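In the working numbering, the protein residues as written are 162 to 1046.
Beneath this line is the structure, given in structure tokens, with notes to follow.
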């Protein structure tokens, strides 16, 4: 088996050797008891510390994990899954098709690397997947003696610490990134939640490390907001005309004001300068125009609870914790007549690129990584290995159909749905926006076709798992806004577990609330297959419905138990055990029906994927196509396009538009290889432009990242130290030295030098008599003067600490630490703001034949040096003036 798999791709001999070793250990593992397997874990830990890359350690660990999976989850890793695990363990990206079991694959390297006891992070794209994976895979790890953690929103500091201290922690990329930033703003070591990074596996690695990496993670604080300006700018926009007062750069999502536009705005506002730095109007105007011309409701955002909620263009999910920066979010709130929330300023930030590069060992898995392989290698030092499928892929990607306009295209899609639905073949339609998904839904209503809708609207998100799971049911039509990271496999014929859960929930809620289980006849309205139910089933149901603890459960608690019972092998309570039995009985009843349904749908051709538009990235298209043809199933995919689709309109060029318009004689579609190549070329150009934007972000943040590392290292040392007295003294000495050097350079009189010193240190330094002796001091060597002033500073500081200690013992240690940390954070926040302005400013220097990046680097160094000096002065100034009165 393994030989055939390796022949289907280019994976090396080491993998073949290791997979064969793992398979050879399988029989021996079967003979071991559960206790023996746990003892094996302890033995492997000792060996791993000495030889983490030893082949025998890796193969035994993988064989152990496979056996534990069979005993706890009933799942045995296929050889291709072993291959995927080996790739992940080497710190690479494993590209595995949808339905190949990536979640199970991650358990292999996760357990192996957890033997180090330094922690393993498995990063997912959303809370649902993190919770689901930790719940299911956690059983396997706990069976082997490893504990698991789960990080969710709204957890306390203590809960986060406990979960991060686990051997293996499931967490979303956002929670992990923000925890890192918060840790580096903590004023007490007890508030730090993360351990030093060790090993990380990123699920849907392309979605996180590429799509989400276009925006840095930012912690912010509220600042004063000129709400009136947003309202005025929103109204003023109505007096501006496109191509006269402003131009729209749709490709780069930017607005360019013309000279006529500048004059028009200045006249309306009765101001002399739109760009006046003391009273700037330009950002408000630009954002107001952007809000109306480039950002649209149900495309880029939705309105929920009177708030603007951003829609992720790559996954189709809402991002309730994200806000557009630099006033854009407020401009959109003004546009939609919603309450304008206060603006924010950055207090800490990091890009995903630099954040994940903090891990000594990083790996990832996805179904679509090859098209972005170059970026993974250049930015993250991650190579991509394509893992063969367990069974040959039978999916057929049909040629694109091109229509002359949007009306023809959408009409054709609706007619195609009508024709295909007559056969019963399930259809999954991928749209690019919420607006288009709802428009298609209305169109299908006209054709009287039933469908399921999945987009970013909250009422649809709640049913996400069930909608996706049942998309393979005979006769179903599912409309979805993008399909990245959904985390649920589409099973042909429908997902039996979701059907059974729903059926059992309805039964239990009905009889729990109304206590009507007196006769089996009452069961008829809710159980279609009563004849197949055993006497034991009815007996267990009867016993369950008289159990007091069960009857006290809320409907929500009951639903949670039912949804989780298939993921938990060991029942904790009587009703857990009873529900597990009832679920098992229902599954047995429905399995035969499901097998028949599966075969019927396979004979119909499997799942039919319809793409309504080419996305900016080939990866997103491939993610949609990848939803069919899982594990050797048949399936079809086809894209329906029109000449005025965004990609062709913006990147196709006028020649292609004119050429294709001449090809259409009526509403019939074209299958044009020429246009397909043009689309592929356009997608590549968009991908390259997006990569350049991320590379630009990475290059500039790399300079800031070096400074960030210095700051965070310095902060951590201060947090961990028992006392920072030496640092305080070093600050004072350095200030004295700098002032003396500056005085010498500027040839200041000795009296002026002492005035500067006294201005900073206060009258604590006994230097007020020095001016009377200035002739004598003029003869001092610089070194002698330094030593004298150092001693005076040490004495003054000792006196101040003694004064504070007498008033409140032990207070000085906390004051010293907190004061340094607070000023480091304040200075860093201001530094970030200056760096943002600097990055904008150096862009203009390119017109003077100067490299903006080099200019940014040089100026950034100067700013950083100034920041350090400001911290020293502020800390010493405050400490020497402290009073407990």
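The C-beta atom is built at its ideal place from N, Cα and C for all residues, glycine as well.
From a predicted model like this one, the values you see are computed outputs, not experimental measurements.
Just to confirm my understanding: we take residue 795, look at its own chain, exclude 5 residues before and 5 after, and list those with CB closer than 7 angstroms. What are they?
Within the same chain, residue 795 has close Cβ partners 555, 763, 766 and 767.
Short check: CB of residue 528 to CB of residue 254, under 8 angstroms?
no
Pick helix, strand or coil for residue 506, following the three-state DSSP scheme.
When DSSP states are grouped into helix, strand and coil, residue 506 belongs to the strand group.
Member of 399, 419, 415 and 397 whose CA lies at the smallest distance from the CA of residue 406:
419
Could you give the DSSP three-state label for residue 316: helix, strand or coil?
coil
What's the gap between the Cα of residue 522 and the Cα of residue 781?
Take the alpha-carbon of residue 522 and the one of residue 781: they are about 27 angstroms apart.
Residues near residue 326 by beta carbon distance below 8 angstroms, same chain, minus five either side
280, 310 and 356
Residue ranges of each beta strand (DSSP E) run of no fewer than 3 residues wholly in the stretch 430 to 470, ordered along the chain?
462 to 465
Quick check on residue 235 - is its C-beta less than 8 angstroms from some C-beta in chain C?
Any reference to chain C falls outside this structure, which holds one protein chain only.
Through-space distance from residue 228 to residue 413, alpha-carbon basis
Cα to Cα, residue 413 sits roughly 52 angstroms from residue 228.
Which listed residue (284, 342 and 217) has its alpha carbon closest to that of residue 874
342
Taking DSSP as the reference, what is the three-state secondary structure of residue 404?
coil
Ordered list of alpha helix (DSSP H) runs contained in the stretch 530 to 581, each at least 4 residues
534 to 541
Using only alpha-carbon positions, find the residue among 306, 564 and 284 that is nearest to residue 369.
284
Check whether the stretch 856 to 868 touches the stretch 881 to 895, taking contact to mean three or more Cβ pairs, one atom from each stretch, closer than 8 angstroms.
no
Would you call the CB atoms of residue 374 and residue 855 closer than 8 angstroms?
yes
Using the three-state DSSP reduction, which class does residue 1035 fall into: helix, strand or coil?
helix
Rounded to whole angstroms, what is the Cα-Cα separation between residue 724 and residue 391?
Distance between the alpha carbons of residue 724 and residue 391: 47 angstroms.
What residue range is occupied by the uninterrupted beta strand (DSSP E) comprising residue 526?
522 to 527
So, does the stretch 460 to 471 touch the stretch 358 to 365, judging by three or more C-beta pairs under 8 angstroms?
no
What's the C-alpha gap between residue 878 and residue 978?
11 angstroms
Output the distance between the C-alpha atoms of residue 653 and residue 789, rounded to the nearest integer angstrom.
9 angstroms
Please name the residue, chosen from 898, 883, 900 and 848, that lies closest to residue 372 on a Cα-to-Cα basis.
848
Quick one: residues in its chain with C-beta nearer than 7 angstroms to the C-beta of residue 231, no 5 flanking neighbours on either side, listed in chain order?
237
Taking C-alpha atoms, which residue in 234, 261 and 233 lies nearest to residue 243?
261
Buried or exposed: residue 903, going by 16 or more other Cβ atoms within 10 Å of its Cβ?
exposed
Taking three-plus beta-carbon pairs below 8 angstroms as touching, is the stretch 980 to 998 in contact with the stretch 947 to 967?
Touching, no, given that fewer than three Cβ pairs across the two stretches are closer than 8 angstroms.
Taking all protein chains shown into account, decide if residue 587 is buried (16 or more other Cβ within 10 angstroms of its Cβ) or exposed.
buried
Residue 1040: buried (16+ other C-beta within 10 angstroms of its C-beta) or exposed?
buried
Using the three-state DSSP reduction, which class does residue 200 fall into: helix, strand or coil?
helix
At the level of alpha carbons, what is the spacing between residue 425 and residue 442?
So the alpha carbons of these two residues sit roughly 13 angstroms apart.
Among 423, 566, 386 and 394, whose alpha-carbon lies nearest the alpha-carbon of residue 504?
386
Determine contact between the stretch 546 to 566 and the stretch 797 to 807, defined as no fewer than three beta-carbon pairs at a distance below 8 angstroms.
In this structure the stretch 546 to 566 lies against the stretch 797 to 807, because at least three pairs of beta carbons, one per stretch, are closer than 8 angstroms.
Can you find the residues in the same chain that come closer than 6 angstroms, C-beta to C-beta, to residue 530, ignoring five residues on each side of it along the sequence?
254, 256, 367 and 545
Nearest-angstrom Cα separation, counted from residue 595 out to residue 393
30 angstroms
Can you tell me the Cβ-Cβ gap for residue 558 and residue 834, rounded? I've got them flagged as a contact below 8 angstroms.
The Cβ separation is near 14 angstroms, so there is no contact.
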